[in-house]
Amino acid sequence: MNEKISTVRKWWLVFFMGVVSATGPLSMDMYLPGLPEMQRAFHSSASTLQLSITFCLIGLAVGQLIVGPISDRIGRRVPLVVGFGLYAVTSLMLIFTTNIYLFIGIRLIQGLAGSTGQVLSRAVARDLFNGHELTKFYAMLMAVNGAFPIIAPIIGGALLSIVQWQGIFVLLFVIGILVMVGVLCTLPETLKVTNNEVLTLGQTFKGLGAMFGKRQFILIALTQGLIFGALFSYISASSFVFQTYFHMTVGQFSLLYAINGLGIILGNNLPGYLPEQIKDSDILNGGLIGGMFAGVLLVGSLLLRPMAILVIIPLFIVVFCVGVVNTVATSMAMSLGGRTNAGAASAVLGLLMNIIGALASPLAGIMGTQSYAPLAWLIFGFEFLGLILFQLTRFEAKSSNYVDR
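For the sequence shown, the numbering used here begins at 1054 and goes up steadily by one.
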């Protein structure tokens, strides 16, 4: 679709696709303030309960790998409607679950359903935009997406003051229904499917093979995935670190989480406001260096007397830099992936981000609530590896045909 899009239409797309893409992360962010209460309700350990985050992330990753290539064949609209219908159903099931292992299993299915929003919001943007316009749209899209992690824990904390943790999943059920209706009523098909061949498994997933064969695309996707490992280490451990280790209240933690969500929004927006003369690769490199610096500060704070402020400031820098990296790496990778395989490219991005995040989540809680050392070292390690890998990516770019904005 190449026709010019009106300003009003563009802003509606930014808002609505931001909501669509946020439903997966909302599945985690909304209930973070309730994790300590849920731990008591399920009579489980912190690491066992954190598996509900891990399995949701696995669902988000695997689901994107399925939905993305299928959407390249049949369009974006039908998978969105089916996905959000399933998302609403699983949210309803979680309300009545009393067994921790059944809860974890349903969270896997909820992640599979929520993956449709993440993978197809990126694909829809690639259907509609190119070049710097694509980067600007991703910046706006991710800023809207980033607003929901700010709102989510505040809403979650407010709900927990009047209802039990099940109330959070009632709200997720309502969100799933509203998004499904919104897709049906306001989102036209953005991919003009002209292929009349019978839909076969091999043809459907051929685009995935093409993506894995693009070395520079994979290097950028892996770089972004590693940085998301740092982000999910923070997401999975933050409620225990601040509420149990540093003795914050639910309200204080929700406020802190909201401030860090604002940091992600600021980072998401920054690339869209920088002059076009500044290359995407330079912006991405700066974000990686900033995140690495914050990781060093976190590890260094372990040598000092435990103080919340020594953790809060570096974490804000980390999430700000994650926002910068997310916008630019997504734009670069999706441009390399091409328009015809936008769903497959988006699926590979989502796969790597969520699989690495899923591996990081339980590791961040291996010392329970006795220390934040695993969180500090994980963030440092992921930022370090991401920075090193991107230097290899830049070296590869010198001999490739990629045109850096």
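C-beta atoms are modelled at their ideal positions from N, C-alpha and C, and glycine is treated no differently.
Could you name the residues of the same chain whose beta carbon sits closer than 7 Å to that of residue i, not counting the 5 residues immediately before and after it, in chain order?
i, result
"residue 1278", "1405, 1406, 1409"
"residue 1138", "1233"
"residue 1336", "1324, 1327, 1377, 1381"
"residue 1438", "1279"
"residue 1114", "1403, 1404, 1407, 1408, 1411"
Can you find the residues in the same chain that come closer than 6 Å, C-beta to C-beta, to residue i, ignoring five residues on each side of it along the sequence?
i, result
"residue 1346", "none"
"residue 1055", "Annotation note: pLDDT 46 at residue 1055 (below 50); position unreliable, coordinate value reported separately. So the list is empty, once near-sequence residues are dropped."
"residue 1187", "1384"
"residue 1307", "1086, 1206, 1207, 1210"
"residue 1301", "1295"
"residue 1146", "1159"
"residue 1190", "1178, 1182"
"residue 1121", "1172, 1396, 1397, 1399, 1400"
"residue 1090", "1218"
"residue 1074", "1170, 1171, 1174, 1198"
"residue 1155", "none"
With a cut-off of 8 Å on the beta carbons, I'd call residue i and residue j a contact; round off their distance for me.
i, j, result
"residue 1129", "residue 1383", "With 8 Å as the limit, residue 1129 and residue 1383 do not qualify as a contact, their Cβ atoms being about 17 Å apart."
"residue 1417", "residue 1334", "Actually they are not in contact, since the Cβ atoms of residue 1417 and residue 1334 sit about 30 Å apart, beyond 8 Å."
"residue 1173", "residue 1133", "6 Å"
"residue 1371", "residue 1344", "6 Å"
"residue 1284", "residue 1440", "Not really, about 15 Å apart at Cβ, beyond 8 Å."
"residue 1413", "residue 1220", "Not a contact, Cβ separation roughly 28 Å."
"residue 1356", "residue 1429", "Contact doesn't hold; Cβ gap of about 11 Å is too wide."
Whose C-beta lies closer than 8 Å to the C-beta of residue i among residues of the same chain, with five residues either side of it excluded?
i, result
"residue 1158", "1108"
"residue 1389", "1267, 1269, 1270, 1273, 1398, 1455"
"residue 1263", "1394, 1397"
"residue 1251", "Bear in mind that a pLDDT of 48 at residue 1251, under 50, signals an unreliable position, so the number given afterwards is only what the model happens to contain. If we look at residue 1251 and ignore the five residues flanking it on each side, it has no Cβ neighbours."
If we call anything under 8 Å between Cβ atoms a contact, is residue i one with residue j?
i, j, result
"residue 1324", "residue 1377", "yes"
"residue 1163", "residue 1140", "yes"
"residue 1321", "residue 1379", "yes"
"residue 1385", "residue 1194", "no"
"residue 1085", "residue 1167", "no"
"residue 1295", "residue 1309", "yes"
"residue 1088", "residue 1286", "no"
"residue 1148", "residue 1222", "yes"
"residue 1400", "residue 1111", "no"
"residue 1375", "residue 1197", "no"
"residue 1077", "residue 1170", "yes"
"residue 1348", "residue 1230", "no"
"residue 1373", "residue 1442", "no"
"residue 1244", "residue 1180", "yes"
"residue 1225", "residue 1080", "yes"
Please go through the segment 1074 to 1149 and give each complete beta strand (DSSP E) segment of 3 or more residues, from N-terminal end onward.
-> Whole beta strand (DSSP E) segments, 3+ residues: zero.
Beta strand (DSSP E) runs contained entirely in the segment 1386 to 1416, provided each spans 3 or more residues | Runs found: none.
Jot down the residue ranges of each uninterrupted alpha helix (DSSP H) in the segment 1148 to 1191, minimum 4 residues, whole runs only, in chain order.
-> 1153 to 1181
Jot down the residue ranges of each uninterrupted alpha helix (DSSP H) in the segment 1327 to 1391, minimum 4 residues, whole runs only, in chain order.
-> Residue ranges of uninterrupted alpha helix (DSSP H) with 4 or more members, entirely inside the segment 1327 to 1391 and ordered along the chain, are 1333 to 1354, 1362 to 1390.
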